[in-house]
Each structure stands twice: as structure tokens, then as C-alpha cells.
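Residues -17 to -1, 1 to 337 (mature numbering (1 follows the signal peptide of the UniProt record, and there is no 0)) are what the sequence shown spells out, left to right. Yeah, the Cβ is synthetic: ideal placement off N, Cα and C, and Gly gets one too. One structure is given below, encoded as C-alpha cells.
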Amino acid sequence: MNLFSLLFCCYFVSVYATTVSGLNSDGLALLSLLSRWNSVPTSMTSSWNSSDSTPCSWLGIKCDYRSHSVVSLNLSGYGISGPLGPEIWRLKQLKTIDLNTNEFSGEIPSQLGNCSLLEYLDLSTNSFTGGIPDSFKYLQNLQTLSLFSNSLSGEIPESLFQNWGLQVLYLDTNRFNGSFPRSVGNLTELLELSLYSNQLSGPIPESIGNCRKLQSLTLSYNKLIGSLPESLTNLESLVDLSVGQNNLEGRIPLGFCKCKNLEKLDLSFNSFSGGLPPDLGNCSSLATFAIVHSNLTGTIPSSFGQLKKLSHLDLSENRLSGRIPPELGNCKSLTVLNLYTNKLEGKIPSELGG
Ligand SMILES: *[C@@H]1O[C@H](CO)[C@@H](O)[C@H](O)[C@H]1NC(C)=O
Ligand SMILES: *[C@@H]1O[C@H](CO)[C@@H](O)[C@H](O)[C@H]1NC(C)=O
Ligand SMILES: *[C@@H]1O[C@H](CO)[C@@H](O)[C@H](O)[C@H]1NC(C)=O
Ligand SMILES: *[C@@H]1O[C@H](CO)[C@@H](O)[C@H](O)[C@H]1NC(C)=O
Ligand SMILES: *[C@@H]1O[C@H](CO)[C@@H](O)[C@H](O)[C@H]1NC(C)=O
Ligand SMILES: *[C@@H]1O[C@H](CO)[C@@H](O)[C@H](O)[C@H]1NC(C)=O
Ligand SMILES: *[C@@H]1O[C@H](CO)[C@@H](O)[C@H](O)[C@H]1NC(C)=O
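This is the structure we're talking about:
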């Protein structure tokens, strides 16, 4: 074949291809993803029409209106099963992927790391297995990564914490093991970190104190050891701190004057030494406060009477002693008070309706 007929041949093939399918390349990429899926709702199959020239009007799709490139893929709650194909990388302009609450299975394709404009990735409540691809470190624009309620396993890669813009990271309710990566302290924009219900071991890294904007830190139901890092006292924005059902020990360092935003504190089912820090009375927003079955000794500080918003206080199954402070009666919002299985004396203060 000479050069001329080769060129002619290519020309002919490309004309032929556009005549048969005028669909742009993002549309073709979506159709090859679709070809792998089962139990797709008919509303979707009839909408994803290969005769269209762009996928921009398809169910679950949003495009950039000038380039007709797909910027958002949202199939949340469609009941789709099957793998998420590697073709996903061909959707290069994607900023949002929301596939939560489906039955996607298999591994998360490493090719997702090539969708470098991604800001929002939600694969939660599916049946994904395997690990978090190392290629996620290339997602430098990522702000939200939500992978909770899957069957993901292995270690949480240190490299994930190179995504410095991450604000929301939900990895809870999976089978992650290994240690809690020390590089978490690199995520200075982090607002919410949820790792509960995994099999993480080792200590909570001291570097967590660098995540100055952190509002919610939930680490319950793991196998974490060591003490609560002192650096937690740096986290002035913290609203929810839940580390129950671990193997933590040592003294409780909280109660710093910086805990003004703290509304929920759950340290239950650990093995602390020492007692309740009186300075916890400074956490003036505290509403739910539980340290059940955690080997606490000493008395209940009267400063807890300063907690005007406190509605749930559960200190049961410890070794607390002394009087129940009458000042607790100042906590006008208190509706649940559990102190059973301790060595407390005296009666429930009448202010509490006892
Ligand atoms: C797809 O679009 C073509 C052209 O607009 C139309 O004739 C056809 O009925 C559509 N198919 C479905 C399944 O809606
Ligand atoms: C995806 O769509 C659902 C409802 O259809 C909506 O509630 C959700 O906010 C959307 N996700 C994103 C990231 O916009
Ligand atoms: C995906 O990204 C990797 C790493 O940046 C690169 O080596 C690879 O060539 C990319 N693949 C495609 C198909 O763009
Ligand atoms: C984590 O789990 C994997 C299996 O998923 C296992 O091979 C590995 O040894 C475990 N690592 C640790 C530190 O427990
Ligand atoms: C990221 O974290 C690692 C481990 O803590 C550390 O060695 C590295 O210096 C950090 N990088 C930056 C830029 O803070
Ligand atoms: C319980 O607390 C006591 C004193 O505060 C401490 O000596 C002991 O080691 C703790 N027990 C456990 C199992 O951590
Ligand atoms: C509360 O914080 C202040 C500093 O702002 C400190 O002096 C005081 O001892 C703390 N504890 C209590 C129980 O008020």
C-alpha cells in the first residue's frame, strides 16, 4: 500500500466512523462503561442513546456546555451492579463522580488516577474490594474522597495524604488494616476524617495536631493503641471526637481551653489511667459525653456543672468514687445520665430529679 492509499483509507475510515456514530468520545467512553454493568434501570438505558451526538442530556451526566465534555457523572442510588471499567480515564474533564449506593464490585480501577481534575469522588456504599490505588496521589484537585461501606482492605497508602487539598475523607466501615498513616498531618485543609469500623492498629499519630481545621475525627471500632496525642488540644475547631472501642490507654489530655466547639466526645471502651480532667468543664458546647467502661478512677469533677448544653452523660462501668456533684443539677439540658457500675456514694442530687 502506498502512502496515498493509506491516507485515503484513514480518511475513509474516519468519515465512515462519524457517519455511523456521531457520538463524541466522552459518550463512547460512557457506553463502554455501561456495557459492563448489570441491572441498569430502563430510565437510564433509554436515556443513554448512542444516536445522540453528545451524552450531555443523558441521565446522570453533566457537561461543560462549550466543549461538550462530561464534567459530572452522578449515578447515585441507581442499583447498578458490575465493575467500574478502566475506560473511566477517557473522561478526562470529570470533576465529580458520585456512584454511591449501588452494587459496584471488583477493584477500584487505578486508571481513576488519570482523571486529574477530579474534585469529588464518592464510591461509598458499594461492594468494592482490594485497596486504594496508589495512583490516587495524582488526584491533586481532590477535595472529597468518600469510600465508606465497601469491602476495601490492606493499608491506607501514605501517598493518599499527598492530596493536600483534601477536606473530607471517609474511609469508615471497610477492612483497612495496618497503622494510621503519620503523614495525615500533611492534610492541613482537612475538615472531616472518618476511619471508624476498620482494623487499624498502632497509635494515633501526633501529627494529627497539624490538621488545624479538623471538625470531625471518628476512629471508633478499630485496634488503636497508645495514648491520645497531646496535639489533639491544638484542634480548636473540633466538634466531634469519637475514639471509642479501641485499646487506648494513658491519661486523657483533653479539657484544654480550646475545646469550645466540641459537641460530642466519645472515649468509651478503652483503658485509660487516671480520672476525668476537671478542665473538661471548659468545653462549653459539649452535649454528648460518653466514657463508658474505660477504667476511670477518681471523682466526677464539679466543673461538669458548667456544661450548660450537656444532654447525655454516660460514665457507667468505671471505678469512679466519691459523691455525685450537686453542680450537675445546673446542667439543665441533661436528659440521660448513666453512672451505673461505679463506686459512687450518696444520692442523686435532687436538682436532677433524683
Ligand atoms: C434514540 O434516538 C433516536 C434519534 O433521536 C430515536 O429514533 C430512538 O428512538 C432513540 N432510542 C431510544 C431507545 O430512545
Ligand atoms: C447526585 O444526585 C443525587 C440525587 O440525584 C444528589 O442528592 C447528590 O447531591 C448528587 N451528588 C452530587 C455530588 O452532586
Ligand atoms: C495515566 O497516568 C499515569 C501516571 O501519571 C501515566 O503514566 C499514564 O500514561 C496515564 N495513562 C493514560 C492512558 O493517560
Ligand atoms: C492486612 O490484611 C492483609 C489481607 O487483606 C494481610 O495480608 C496483611 O498481613 C494485613 N496486615 C496487617 C498489618 O495486619
Ligand atoms: C508529609 O508527611 C511525612 C510523614 O509524616 C513527612 O515526612 C513529610 O515531610 C510531610 N510532607 C510535608 C510537605 O509536610
Ligand atoms: C487502670 O487505671 C489504673 C490507675 O489509674 C492503672 O494503674 C491501670 O494500669 C489501668 N488499667 C489498665 C488495664 O489500663
Ligand atoms: C478552663 O480554662 C481556663 C483558661 O481559659 C483555665 O484557667 C481553667 O483552669 C480551666 N478549667 C476550668 C475547670 O474551668
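Pull the bridge partners of W127 from the DSSP assignment, please.
Per the sequence shown, the amino acid found at residue 127 is Thr instead of Trp. DSSP lists Y103 and V151 as partners of T127.
By the DSSP assignment, the beta strand (DSSP E) with A273 in it spans what residues?
T271 to A273
Assess, as a yes-or-no matter, whether the segment 126 to 140 is touched by the segment 185 to 200 under the definition of 3 or more beta carbon pairs within less than 8 angstroms.
no
Beta-carbon spacing of N325, R306 below 8 angstroms:
no
Using a threshold of 7 angstroms, is the CB atom of S136 nearer than that to any non-hydrogen atom of ligand 4?
yes
Measuring alpha carbon to alpha carbon, tell me which residue in G113, G10 and G227 is nearest W41.
G10
Tell me the start and end of each unbroken alpha helix (DSSP H) in the segment 148 to 202 that is at least 4 residues and wholly inside, in chain order.
none
Residues bridged to F87 by DSSP?
G65
With distances taken between CB atoms, is the gap from L173 to L207 smaller than 8 angstroms?
Remark: C-beta atoms of L173 and L207 do not approach each other more closely than 8 angstroms.
Run through the DSSP bridge pairs and tell me what D249 is partnered with.
S225 and A273
Would L293 pass as a contact of A273 if the rule is Cβ separation under 8 angstroms?
no
Give the C-beta separation of I283 and P260 to the nearest angstrom, bearing in mind that I take them to be a contact with Cβ-Cβ under 8 angstroms.
Not a contact, Cβ separation roughly 12 angstroms.
Starting from L17, trace the alpha helix (DSSP H) in both directions and tell me its first and last residue.
S8 to L17
Can you tell me whether I307 is helix, strand or coil according to DSSP?
coil
C-beta contact flag for N83 and I63 at 8 angstroms
no
Taking 8 angstroms as the cut-off, does the segment 12 to 21 touch the segment 67 to 80 (at least 3 CB pairs, one atom from each stretch)?
yes
Helix, strand or coil: which one does DSSP assign to T28?
helix
Rounded to the nearest angstrom, what separates N57 and G264 at their Cα positions?
45 angstroms
Pick helix, strand or coil for K206, following the three-state DSSP scheme.
strand
Which same chain residues, not among the five before or five after T156, have their C-beta less than 6 angstroms away from its C-beta?
F131, S132 and S180
When the Cα atoms are used, what is the spatial distance from N32 to F252?
55 angstroms
Buried or exposed, going by whether 16 or more other CB atoms sit within 10 Å of the CB of W147?
With fewer than 16 other Cβ atoms within 10 Å, it is exposed.
Skipping 5 residues on each side, what residues in its chain have a beta carbon closer than 6 angstroms to that of V275?
S251, D297, S299 and E300
Just jot down, in chain order, the residues whose CB lies closer than 6 angstroms to any heavy atom of ligand 2.
N57, S59, T79, D81 and Y103
How about R19 and P92: do their beta carbons lie closer than 8 angstroms?
no
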